[in-house]
Amino acid sequence: MSTTVHLIDDDESFLRSMARRLGGHGYRVATYSSVAEFLLRPDQEDPGCVLTDLQMPKRDGFELQQLLAASANPLPVVFVTGKGDIPTSVRAMRAGAEDFLTKRVPTSELVGAIDRALSRNKRERAARLRRANARQTIERLSGRELQMLLGIVKGMQNKEMAEEYEMSERTVKYYRTMLTRRLDIYASVDLARLVQDAGISIEELTNMAAAAPPGPLHEE
Amino acid sequence: MPLLRSILRAVISGALSAACLGAAAETVADPPQPPRTRRVLIIDQEAPTRPAFVEFMRGFRQTLAEVADGGYEIFIENLDLVRLGRLDDDLEQAAGWLLQKYGDAPFDVIVPTSAITRDFVVARRAELSPDATIVAVNRPGEMVGSSLPPKATYAATTGTITETIRLGFAFFPRARRVAVIGQTNPHPQLLASVIYDARRATESRGVEFVSLVDLSLIDLKQRLRTLPSDSIVVYIGYWKDEPGGMTYVPAVVLETLCRETKAPIFGGLDTYVGRGIVGGVCTDARALGAAAARLTAASRTGPPPEPVVVPPLVILDQRALDRFGIPASRIPAGARVMFREPGFWDRYWIQAVGAGVLFVLQALLIATLVQQLRRRRRAERLVDEQRALIIHAGRVSTLGQFAASLAHELGQPLGSMLNNIEAASLLLRDDSCPHAAELREILADLAADDQRAGAVLDRIRAMVRRQRFRIAAVNVTALIRDTLALAGPRLRADGIQVAIDCPASLPPIAGDEIMLQQALLNLIGNSADAIRATQEQPHGRLPVSPGGITISATRAGPMIELAVIDTGGGLEHPEIATAIEPFLTTKETGLGMGLPIVHSIIEQHEGKIEIVDDPGRGVTVRLRLPLWEEGRGT
Chain A
0 MSTTVHLIDD DESFLRSMAR RLGGHGYRVA TYSSVAEFLL RPDQEDPGCV
50 LTDLQMPKRD GFELQQLLAA SANPLPVVFV TGKGDIPTSV RAMRAGAEDF
100 LTKRVPTSEL VGAIDRALSR NKRERAARLR RANARQTIER LSGRELQMLL
150 GIVKGMQNKE MAEEYEMSER TVKYYRTMLT RRLDIYASVD LARLVQDAGI
200 SIEELTNMAA AAPPGPLHEE
Chain B
0 MPLLRSILRA VISGALSAAC LGAAAETVAD PPQPPRTRRV LIIDQEAPTR
50 PAFVEFMRGF RQTLAEVADG GYEIFIENLD LVRLGRLDDD LEQAAGWLLQ
100 KYGDAPFDVI VPTSAITRDF VVARRAELSP DATIVAVNRP GEMVGSSLPP
150 KATYAATTGT ITETIRLGFA FFPRARRVAV IGQTNPHPQL LASVIYDARR
200 ATESRGVEFV SLVDLSLIDL KQRLRTLPSD SIVVYIGYWK DEPGGMTYVP
250 AVVLETLCRE TKAPIFGGLD TYVGRGIVGG VCTDARALGA AAARLTAASR
300 TGPPPEPVVV PPLVILDQRA LDRFGIPASR IPAGARVMFR EPGFWDRYWI
350 QAVGAGVLFV LQALLIATLV QQLRRRRRAE RLVDEQRALI IHAGRVSTLG
400 QFAASLAHEL GQPLGSMLNN IEAASLLLRD DSCPHAAELR EILADLAADD
450 QRAGAVLDRI RAMVRRQRFR IAAVNVTALI RDTLALAGPR LRADGIQVAI
500 DCPASLPPIA GDEIMLQQAL LNLIGNSADA IRATQEQPHG RLPVSPGGIT
550 ISATRAGPMI ELAVIDTGGG LEHPEIATAI EPFLTTKETG LGMGLPIVHS
600 IIEQHEGKIE IVDDPGRGVT VRLRLPLWEE GRGT
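Structure (structure tokens):
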């Protein structure tokens with residue numbers, strides 16, 4: 000799991016020199032002469048960022064940007080272009096590019112852009128990891144526990160939940176305790192944040208609650 | 000004898016009257032008889048060919064016919080006294096002869112045309128026609144007569160020689176003498192009065208009086224030849240070369256006299272005008288005749304009518320006026336100017352009006368043609384301007400694209416160099432190398448030069464970017480039509496057919512019309528070149544049809560798709576379709592900028608370009624351009 004700056008450019012000389020330059024600044028660099036080559040790279044999950052030429056035959060920088068955005072590991076993209084006109088840069092930035100550099104970019108700008116892209120990647124990866132963990136946690140819950148979670152996220156009182164799920168208030172309390180103990184999260188606000196972190200909507204949670212096995216019954 | 004004759008005539012007339020009375024008594028119940036024809040006798044003292052007399056008679060007959068409507072029988076006696084010489088004897092003879100001729104048929108009116116004949120008629124009326132009314136007419140200068148006998152009236156002309164002389168001085172104020180041409184016979188009284196008038200006129204003006212009276216014709220001509228030109232000559236008449244010489248018509252003599260002298264001649268008769276004289280205050284012989292005729296008609300009933308005065312008329316000869324250089328301003332009002340050359344307008348007015356109308360029509364035609372020409376020129380100029388604009392835009396975009404491409408192409412290696420320089424300087428961070436310091440300097444210089452070269456490229460790019468680029472609503476149909484208007488002549492010359500498939504209902508696109516025309520023009524030009532290349536290929540088969548270009552436009556979602564399809568040979572190097580790099584060309588004279596420009600233009604329009612090559616058949620280029628949205632600015 001090493002952080003890599005992926006360089007993509009059809010100009011061999013530029014690719015090589017840029018790799019040298021970034022290497023000199025201490026970055027780990029991987030080079031590709033085309034978008035296709037980059038897409039076939041090993042270690043797809045590794046952190047990093049992409050520094051790509053905008054104009055390339057076949058797939059250009061914009062296409063790469065779109066492909067990456069839809070992928071599991073959307074690495075931030077920094078464009079390098081020999082043209083650098085305003086409409087192009089606007090378009091690129093609008094599509095979520097980290098930065099837009101010219102081929103003769105000064106060091107400070109280059110390093111700044113790379114660092115910003117990497118830290119963004121780091122942030123995004125952390126968020127993604129948090130989300131994945133939260134989701135995993137939530138997915139492990141039983142049907143009853145999911146119902147409780149749903150109720151709490153919706154801001155329902157125990158009484159309301161008892162009516163909603165046709166059980167006694169005692170039972171509601173029991174399952175709530177089960178849920179909080181299991182997640183080791185006790186405040187309702189924190190539970191709601193967990194759901195949010197997991198990127199699960201109310202509807203999805205409702206569906207999950209309905210689909211999951213109800214779990215061990217509470218016997219009064 | 001006269002007594003006997005008068006008795007005889009009285010008897011006859013008495014018998015006649017009795018017969019008439021008897022007849023009247025007998026036919027009293029009958030409808031009234033048509034009026035008896037009245038008999039008029041004109042007695043003139045001279046020859047019937049005398050022009051003044053001819054004019055007089057013309058006026059007399061004409062007016063009598065008008066006022067009396069027939070019923071008159073006119074007899075004329077020209078006594079020709081001048082030719083016959085001794086007047087008194089002749090008159091005596093004439094009286095007898097007249098009685099013999101007309102004694103038994105009395106006249107109702109007798110018109111004597113001069114003082115002599117008047118006196119004669121007054122004296123002999125009792126014998127000739129005792130009941131006749133006398134209508135006396137005088138000649139210019141003749142006294143009318145202070146008292147008239149009963150049953151007489153007169154038509155008188157009042158022209159005097161004094162007035163003619165005054166006219167002469169009006170025309171020639173610097174004249175030094177007045178000469179009078181005349182003869183004692185046949186009008187001694189007339190001559191006397193003329194000389195009296197002339198002497199008075201010269202004395203009052205202090206000029207010389209020259210008498211040319213009673214000279215032989217030879218002497219007269221001699222005198223006229225020596226007469227200074229600052230003279231005024233008054234011509235009364237010349238009747239007979241004395242003694243016993245030829246008899247002349249005064250007006251005819253006048254013609255020869257006028258040729259003899261440089262001085263202007265004036266005369267008091269209208270018939271003298273036209274014989275070479277300047278003119279004069281004249282008796283209007285025809286008006287006099289007319290007046291006499293009116294009096295004749297009026298004398299039919301009741302007492303003799305009141306006398307009439309016929310005012311003299313200033314009659315002038317335009318030719319003489321011209322000869323003596325008398326300006327029109329000196330011509331008195333009411334003057335009758337004879338022999339006036341009809342003016343251009345009088346003579347040619349129909350032609351003049353026709354020519355005028357023709358001229359106006361022609362002018363209109365010319366104006367219309369000029370207007371049309373001007374309009375066509377303006378239209379042509381507009382097309383030329385548009386063409387110049389396109390060509391300019393083409394040059395600018397070619398140059399711009401060229402520069403941009405150059406900048407891009409050079410930017411790449413410059414960037415690489417910069418990268419390498421920096422990488423190298425990073426490696427030199429520790430001073431392990433003995434020349435580290437100097438190498439660092441070298442690298443810094445390299446970096447500075449690299450930056451400098453890059454700055455030049457940036458400036459070029461910035462300059463290119465300043466190209467005007469105005470986005471507006473562009474009608475696709477108009478775009479295609481205007482582009483073809485520019486490309487048409489070349490295409491037609493090469494026999495290349497162009498078909499347009501463009502529905503008129505297409506919404507407008509957002510773009511810069513000039514730039515888009517430029518792009519289309521490039522594509523059409525490429526297609527035309529491709530078609531021409533297939534035609535010119537020496538080994539290839541000649542195409543049956545000269546080939547053509549189809550330009551179509553269709554709506555494709557939020558875009559308009561413009562396609563330029565040709566039947567040329569397709570791309571020789573298929574990489575052209577994908578590579579938009581400049582300087583790649585298959586044409587001998589090509590720059591390799593055509594497609595890159597199209598590319599660049601379409602890119603600036605946020606459009607797409609697609610090139611489909613069907614080798615051997617042709618190329619289809621599809622341009623997708625965004626639709627115009629209201630409220631969109633440049």
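So the sequences go chain by chain: A and B. Sequence positions in the first sequence follow numbering that gives the first Met the number 0 and run 0 to 219. Sequence positions in the second sequence follow numbering that gives the first Met the number 0 and run 0 to 633. Virtual Cβ for every residue (Gly too), placed ideally from N, Cα, C. A quick note: this is a predicted structure, and the numbers were derived from the prediction, not measured.
Problem - CA-to-CA distance, residue 71(B) to residue 299(B), given in whole angstroms - result: Counting from one through the second sequence, the residue named residue 299(B) turns up at place 300. Counting from one through the second sequence, the residue named residue 71(B) turns up at place 72. Cα to Cα, residue 299(B) sits roughly 11 Å from residue 71(B).
Practice task
Grab me the residues of residue 64(B)'s own chain with a C-beta within less than 8 Å of its C-beta, minus the 5 sequence neighbours each way, in chain order.
Solution key: In the second sequence, counting from the first residue as 1, residue 64(B) sits at position 65. Within the same chain, residue 64(B) has no close Cβ partners at all.
Exercise for the section: Flag residue 376(B) as yes when its Cβ comes closer than 7 Å to any non-hydrogen atom of the ligand ZN, and as no otherwise. Expected result: You won't find the ligand ZN in this model; it holds no ligand whatsoever.
Problem - Cβ neighbour criterion (16 or more within 10 Å) applied to residue 101(A) - result: The residue labelled residue 101(A) in the question sits at position 102 within the first sequence. Result: buried.
Problem - Exposure label - residue 26(B); buried when at least 16 CB within 10 Å - result: As a working note, residue 26(B) is residue 27 in the second sequence. Note on residue 26(B): pLDDT 44, under 50, position unreliable in the model; no value is reported.
Handout entry: Contact under 8 Å by Cβ, residue 35(A) with residue 77(A)
Key = As a first step, residue 35(A) must be located in the first sequence, where it is residue number 36. As a first step, residue 77(A) must be located in the first sequence, where it is residue number 78. For residue 35(A) and residue 77(A), no; Cβs fall outside 8 Å.
Practice task
Compare the C-alpha of residue 382(B) against each of 622(B), 522(B), 530(B), 482(B) and name the closest.
Solution key: Sequence index remark: in the second sequence, residue 382(B) carries index 383 (1-based). From the listed residues 622(B), 522(B), 530(B), 482(B), the smallest Cα separation to residue 382(B) is found for 482(B).
Handout entry: Separation of residue 202(B) from residue 293(B), as counted between CA atoms
Key = Position 294 of the second sequence, counted from the first residue, corresponds to residue 293(B). Position 203 of the second sequence, counted from the first residue, corresponds to residue 202(B). One C-alpha to the other measures close to 41 Å.
Practice task
Could you tell me whether any Cβ in chain A is nearer than 8 Å to the Cβ of residue 540(B)?
Solution key: On the second sequence, residue 540(B) is found 541 positions in, with the first residue counted as 1. For residue 540(B), the predicted model reports a pLDDT of 49, less than 50, meaning its position is unreliable and no value from the coordinates is stated.
Exercise for the section: Just the C-alpha distance for residue 624(B) and residue 473(B), rounded to the nearest angstrom, thanks. Expected result: The sequence position of residue 624(B) within the second sequence is 625, counting from 1. The sequence position of residue 473(B) within the second sequence is 474, counting from 1. If I take the Cα positions, the gap works out to 11 Å.
Practice task
Taking C-beta pairs closer than 7 Å, name the residues in chain B that residue 17(A) reaches, listed in chain order.
Solution key: In the first sequence, residue 17(A) corresponds to position 18, counting from 1. For residue 17(A), the chain B residues whose Cβ falls inside 7 Å of its Cβ are 418, in order along the chain.
Exercise for the section: Count the C-beta pairs between the stretch 319–335 of chain B and the stretch 87–103 of chain B that are closer than 8 Å, then say yes if the count reaches three, no if not. Expected result: Between the stretch 319–335 of chain B and the stretch 87–103 of chain B there are fewer than three inter-stretch CB-CB distances shorter than 8 Å, so the stretches are not counted as touching.
Practice task
Would you verify that the beta carbon of residue 13(A) is, or is not, closer than 8 Å to some beta carbon of chain B?
Solution key: Here residue 13(A) refers to the residue found at position 14 when the first sequence is read from its first residue. At least one chain B Cβ lies under 8 Å of residue 13(A).
Practice task
Tell me, please, whether the stretch 325–344 of chain B touches the stretch 179–193 of chain B by the rule of three or more beta-carbon pairs shorter than 8 Å.
Solution key: No contact exists between the stretch 325–344 of chain B and the stretch 179–193 of chain B.
Problem - Three-state class that DSSP yields for residue 237(B) in the structure shown - result: Residue mapping note: residue 237(B) aligns to position 238 of the second sequence, counting from 1. Three-state result, residue 237(B): coil.
Handout entry: Secondary structure of residue 102(A), DSSP reduced to three states
Key = Taking the first sequence and counting its residues from 1, one reaches residue 102(A) at position 103. Three-state result, residue 102(A): coil.
Handout entry: 8 Å Cβ cutoff, residue 172(A) in contact with chain B
Key = Mapped onto the first sequence, residue 172(A) falls at position 173. For residue 172(A), the closest Cβ of chain B is not nearer than 8 Å.
Practice task
Measure how close the beta-carbons of residue 154(B) and residue 291(B) come, nearest whole angstrom, since I'm counting them as under 8 Å.
Solution key: The residue given as residue 154(B) occupies position 155 in the second sequence. The residue given as residue 291(B) occupies position 292 in the second sequence. 5 Å between Cβ atoms; contact.
Practice task
Could you name each continuous beta strand (DSSP E) segment of 3 residues or more that falls completely within the stretch 332–396 of chain B, going from the start of the chain to the end?
Solution key: Listed in chain order, they are 335–337.
Practice task
Kindly indicate which three-state DSSP category residue 61(A) falls into: helix, strand or coil?
Solution key: Within the first sequence, the letter at position 62 stands for residue 61(A). The three-state secondary structure of residue 61(A), taken from DSSP, is helix.
Problem - Opening and closing residue of the beta strand (DSSP E) in which residue 640(B) lies - result: Because chain B here runs from 0 to 633, residue 640(B) falls outside it and cannot be looked at.
Problem - Which of helix, strand or coil DSSP assigns to residue 501(B) - result: For the purposes of this step, residue 501(B) is taken as residue 502 along the second sequence, with counting starting at 1. Correct three-state label for residue 501(B): coil.
Exercise for the section: Answer yes or no: do residue 136(B) and residue 295(B) have a C-beta to C-beta separation smaller than 8 Å? Expected result: Position 137 of the second sequence, counting from 1, holds the residue named residue 136(B). Position 296 of the second sequence, counting from 1, holds the residue named residue 295(B). Residue 136(B) places its beta carbon 8 Å or farther from that of residue 295(B).
Problem - C-alpha gap between residue 259(B) and residue 221(B), whole angstroms - result: Taking the second sequence and counting its residues from 1, the one referred to as residue 259(B) is at position 260. Taking the second sequence and counting its residues from 1, the one referred to as residue 221(B) is at position 222. Going from the Cα of residue 259(B) to the Cα of residue 221(B) covers about 8 Å.
Handout entry: Below-8 Å beta-carbon distance, residue 60(A) vs any chain B residue
Key = As a first step, residue 60(A) is located in the first sequence; it is residue number 61 there, counting from the start. Taking 8 Å as the CB threshold, residue 60(A) stays off the interface with chain B.
Exercise for the section: Name the two residues that bound the continuous alpha helix (DSSP H) containing residue 269(B). Expected result: One-based indexing of the second sequence puts residue 269(B) at position 270. According to the DSSP assignment, residue 269(B) belongs to no alpha helix (DSSP H), since it is labelled neither H nor E.
Practice task
State the DSSP-derived secondary structure class of residue 208(B), mapped to helix, strand or coil.
Solution key: Start at 1 with the first residue of the second sequence, and residue 208(B) comes out as number 209. Shown here, residue 208(B) sits in a strand according to DSSP, grouped into three states.
Problem - Through-space distance from residue 251(B) to residue 273(B), alpha-carbon basis - result: Numbered from its first residue, the second sequence carries residue 273(B) at position 274. Numbered from its first residue, the second sequence carries residue 251(B) at position 252. Between residue 273(B) and residue 251(B), the C-alpha separation is close to 10 Å.
Problem - Distance, residue 249(B) Cα to residue 13(B) Cα - result: One-based indexing of the second sequence puts residue 13(B) at position 14. One-based indexing of the second sequence puts residue 249(B) at position 250. With a pLDDT of 46 at residue 13(B), under the threshold of 50, the predicted position of this residue should be treated as unreliable, and no value is reported.
Exercise for the section: Have a look at residue 210(A) and residue 203(A) and give me their C-alpha separation to the nearest angstrom. Expected result: Looking up residue 210(A) in the first sequence gives position 211. Looking up residue 203(A) in the first sequence gives position 204. Distance between the alpha carbons of residue 210(A) and residue 203(A) is about 10 Å.
Problem - Spatial distance of residue 28(B) from residue 35(B) (CA atoms) - result: Position 29 of the second sequence, counted from the start, is the residue given in the question as residue 28(B). Position 36 of the second sequence, counted from the start, is the residue given in the question as residue 35(B). Because residue 28(B) carries a pLDDT of 47, less than 50, the predicted location of this residue cannot be relied on, and the following value inherits that uncertainty. If I take the Cα positions, the gap works out to 18 Å.
Problem - Per-residue DSSP class, three states only, for residue 153(B) - result: Along the second sequence, one-based indexing puts residue 153(B) at 154. Three-state DSSP puts residue 153(B) in a strand.
Exercise for the section: Taking only beta carbons into account, state which residues of the stretch 507–539 of chain B come closer than 8 Å to chain A, listed in chain order. Expected result: So the list is empty, because no residue satisfies the distance condition.
Exercise for the section: Would you kindly work out how many angstroms separate the C-alpha atoms of residue 358(B) and residue 347(B), rounded to a whole number? Expected result: Within the second sequence, numbered from 1, the residue matching residue 358(B) stands at position 359. Within the second sequence, numbered from 1, the residue matching residue 347(B) stands at position 348. Taking the straight line from one Cα to the other gives about 16 Å.
Exercise for the section: Out of 43(A), 153(A), 90(A), state which residue places its alpha-carbon closest to the alpha-carbon of residue 65(A). Expected result: Position 66 of the first sequence, counted from the start, is the residue given in the question as residue 65(A). Ranking 43(A), 153(A), 90(A) by Cα distance to residue 65(A) puts 90(A) first.
Handout entry: Three-state secondary structure assigned by DSSP to residue 52(B)
Key = For the purposes of this step, residue 52(B) is taken as residue 53 along the second sequence, with counting starting at 1. Note: residue 52(B) maps to helix in three-state DSSP.
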